[in-house]
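Engineer: Note that my numbering numbers the sequence shown so that position 41 is 26, with each residue one more than the last.
The C-beta atom is built at its ideal place from N, Cα and C for all residues, glycine as well.
These numbers were taken from a predicted model, which means no experiment stands behind them.
Just passing along the structure, written as structure tokens.
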Amino acid sequence: MVMPQLCCMNCFTDTAITEMIQREGKVDYCHFCQSDEVLAISPEKLTGLFELVLNCVQEVADGRHLSTIYRDDLKIISSTVMVPEELTNTILGEVSSTKFYRLTESIQEFKEQWGAFKRHLIEENRFFPNNSLYGKIFITSGMSQDGESIEATTFLNTVSSLTKRRPRGSIFYRARISDKGLDSSLMGSPPQHLATAGRANPAGIPYLYLADTESTCFREVRPSNGATIYLSEVESISDMHLVDLTNPKQKVPLLKFDEEEIELTLKCLNLLEQFSKELSEPVLPEKSHLEYIPTQFICEFLRTIGSYDGLIFNSSYGAGKNVVLFAEDKVTIKEPLPHTVRSVEVVTERALG
């Protein structure tokens, strides 16, 4: 008896697929990721969902297998799948098995325009930008919904899809390096006249920078051996709504959108993914006053247009996450405890050129 080749919820990251498997699957063995006793389904039942994004790819001789695009670019197939080519071929048949593809050039439009917009903000016009991306998305934020461009509406809807509720009682961490003793009153964001520019906040507009773990918090303050770090627990005193930028494509269910909406949504996700990457990248202190301007612009935009309390983004130090709050009225900062730095790890690679 030939065993059916079923796929399971662990094979996918898009919730449109996982919800379908929850509804229609049966407990069985997954051929594609080798999970046992999981809800599984015949791959052919997913053909319609997979076909929704075919308008976002074009056939080219020097392209990639569709499975690579579905896994790496669209974040639909999970990395747990042993042979993604086999899964995609089973779902899409000849469309996948005999041809090669790349994303259409238009998918990269917003990401490429972001690069031009960054240069425009840094080098040309910081306060009254005149740029195609600004005109499509950012300038319309104050209008009524009827007055918004379709690009702006889709961008705002995509941001809304990334919003995560953190309930009252959630714990974060705040660290400061100091030779003098600190109490909780000195562990918050600085007063306006002392607020220097950060990767998220402009000068004079203080944000509260936090981390999700103690170890991430210690790394983020970039200590030296022998330094004293004061660490406070920070507890939310009401629900908070944070825009989670840690992995935008995995968090937005692309296949829940209508076919005509998917391409524009993917453009917005590419833009947000690039923004998230730049929030996490280390910047040399001597260049930060300029390099931070574009990310400050986006953060101020998000602070202004919605009922968001802050952002979550990946730390540049390991697997932790950073949290930045636009204000500290929804948290209470507990008394800090001092910690002495005994060692600092340095990892290098040889520079090219």
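Could you check whether the segment 306 to 313 touches the segment 183 to 201, counting it as contact only if at least three pairs of C-beta atoms, one from each stretch, sit closer than 8 Å?
Structural biologist: yes
Engineer: Short of 7 Å in beta carbon distance, which residues of its chain neighbour residue -3, apart from the five on each side in sequence? Order them along the chain.
Structural biologist: Cβ contact annotation for residue -3 (same chain, cutoff 7 Å, sequence separation greater than five): 3, 61, 62, 63, in chain order.
Engineer: Can you give me the start and stop residues for the beta strand (DSSP E) that residue 11 sits inside?
Structural biologist: First-last of the beta strand (DSSP E) with residue 11: 11 to 13.
Engineer: Just checking, does the segment 140 to 156 make contact with the segment 221 to 233 on the three C-beta pairs under 8 Å criterion?
Structural biologist: yes
Engineer: Short of 7 Å in beta carbon distance, which residues of its chain neighbour residue 294, apart from the five on each side in sequence? Order them along the chain.
Structural biologist: Cβ within range, chain order: 225, 226, 227, 310, 311, 315.
Engineer: If you compare alpha carbons, which of 41, 229, 263 is closest to residue 183?
Structural biologist: 263
Engineer: Is it a yes or a no for the segment 163 to 174 touching the segment 208 to 219, going by three-plus beta-carbon pairs under 8 Å?
Structural biologist: yes
Engineer: For residue -6, which residues from the same chain have a beta carbon less than 6 Å from its beta carbon, with the 5 sequence-adjacent residues on both sides left out?
Structural biologist: 3, 6, 24
Engineer: Which of helix, strand or coil does DSSP assign to residue 48?
Structural biologist: strand
Engineer: Please go through the same chain and pick out, in chain order, the residues whose beta-carbon is closer than 6 Å to the beta-carbon of residue 136, but skip the five residues on each side of it.
Structural biologist: 121, 122
Engineer: Can the beta-carbon of residue 261 be found less than 7 Å from the beta-carbon of residue 286?
Structural biologist: no
Engineer: Helix, strand or coil for residue 5 per DSSP?
Structural biologist: helix
Engineer: Under 8 Å: do the segment 101 to 120 and the segment 78 to 93 share three or more Cβ pairs, one atom per stretch?
Structural biologist: no
Engineer: Mark residue 292 as exposed unless 16 or more other C-beta atoms lie within 10 angstroms of its C-beta, in which case mark it buried.
Structural biologist: exposed
Engineer: So residue 351 is in the beta strand (DSSP E); what residue range does that whole segment cover?
Structural biologist: The question about residue 351 has no answer, for the chain in this structure spans -14 to 338.
Engineer: Can you give me the C-alpha to C-alpha distance between residue 126 and residue 147, rounded to a whole angstrom?
Structural biologist: With a pLDDT of only 47 at residue 126, under the threshold of 50, the placement of this residue in the model should not be trusted; the figure read from the coordinates follows. Approximately 18 Å between the Cα atoms of the pair.
Engineer: Counting pairs of beta carbons, one from the segment 16 to 23 and one from the segment 76 to 86, are three or more of them closer than 8 Å?
Structural biologist: no
Engineer: Could you name the residues that DSSP lists as bridge partners for residue 325?
Structural biologist: 213
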